[in-house]
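Asker: Numbering (the numbering used here), first residue to last: 11 to 162.
Note that beta-carbon positions come from the ideal geometry of N, C-alpha and C, so glycine has one too.
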């Protein structure tokens, strides 16, 4: 299963689960009515600012939820120590606008090369099947796991 198919099926499942709580029409209006603090241009800039960008609960040194911690640990295993992280608990506007911007209802949200890879479940799956190495390679990051394989 390729990344886009996996992402679409996960988003569809989450969308159906959250259907009672959300309405796409209202969400798109909300983005237009949101404070100027986080307009689409600024959010585009945030996700494209670094090769890897993580919107999470807490910070890498102190994640505030298990899912954010799992993503930090996976990135650490791959030797990805330098990435932008944004603590969505510090900014309610950023948290709500990122959900609309990404059309992704949960956190963490991991962007590689300006593209949303997904949340914890997808990052874990990409890590387990080796596709995360490919995604990192596309943006010029060599996974530390490749070096560990050579040592064996």
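In terms of DSSP beta bridges, what is residue 97 paired with?
Answerer: 66
Asker: Tell me whether the beta-carbon of residue 122 lies closer than 9 Å to the beta-carbon of residue 82.
Answerer: no
Asker: What are the start and end residues of each continuous beta strand (DSSP E) run of 3 or more residues lying completely inside the stretch 85-157, in chain order?
Answerer: 94-97, 119-122 and 125-128
Asker: If residue 111 and residue 62 are in contact, beta carbons under 8 Å, what's the gap, nearest whole angstrom?
Answerer: At roughly 17 Å, the Cβ-Cβ gap does not stay under 8 Å, so residue 111 and residue 62 are not in contact.
Asker: Does residue 123 have its Cβ less than 9 Å from a Cβ in chain C?
Answerer: Of the protein chains in the structure, only one exists, and it is not chain C.
Asker: Roughly how many whole angstroms lie between the Cα atoms of residue 40 and residue 107?
Answerer: A caution first: residue 40 carries a pLDDT of 44, below 50, which makes its placement in the model unreliable, though a value can still be read off. Between residue 40 and residue 107, the C-alpha separation is close to 8 Å.
Asker: Which residues mark the beginning and the end of the alpha helix (DSSP H) in which residue 49 is found?
Answerer: Taken as a continuous stretch (DSSP letters only), residue 49 belongs to no alpha helix (DSSP H), as it is neither H nor E.
Asker: Based on the DSSP output, what are the partners of residue 72 in its beta bridges?
Answerer: Under DSSP, the beta-bridge partners assigned to residue 72 are 69.
Asker: Drop a sphere of 10 angstroms on the beta-carbon of residue 158, count the other beta-carbons inside from all chains shown, and report buried for 16 or more, exposed for fewer.
Answerer: exposed
Asker: Can you list, in chain order, the residues of its chain with a C-beta nearer than 6 Å to that of residue 73? Leave out the 5 residues immediately preceding and following it.
Answerer: 79 and 82
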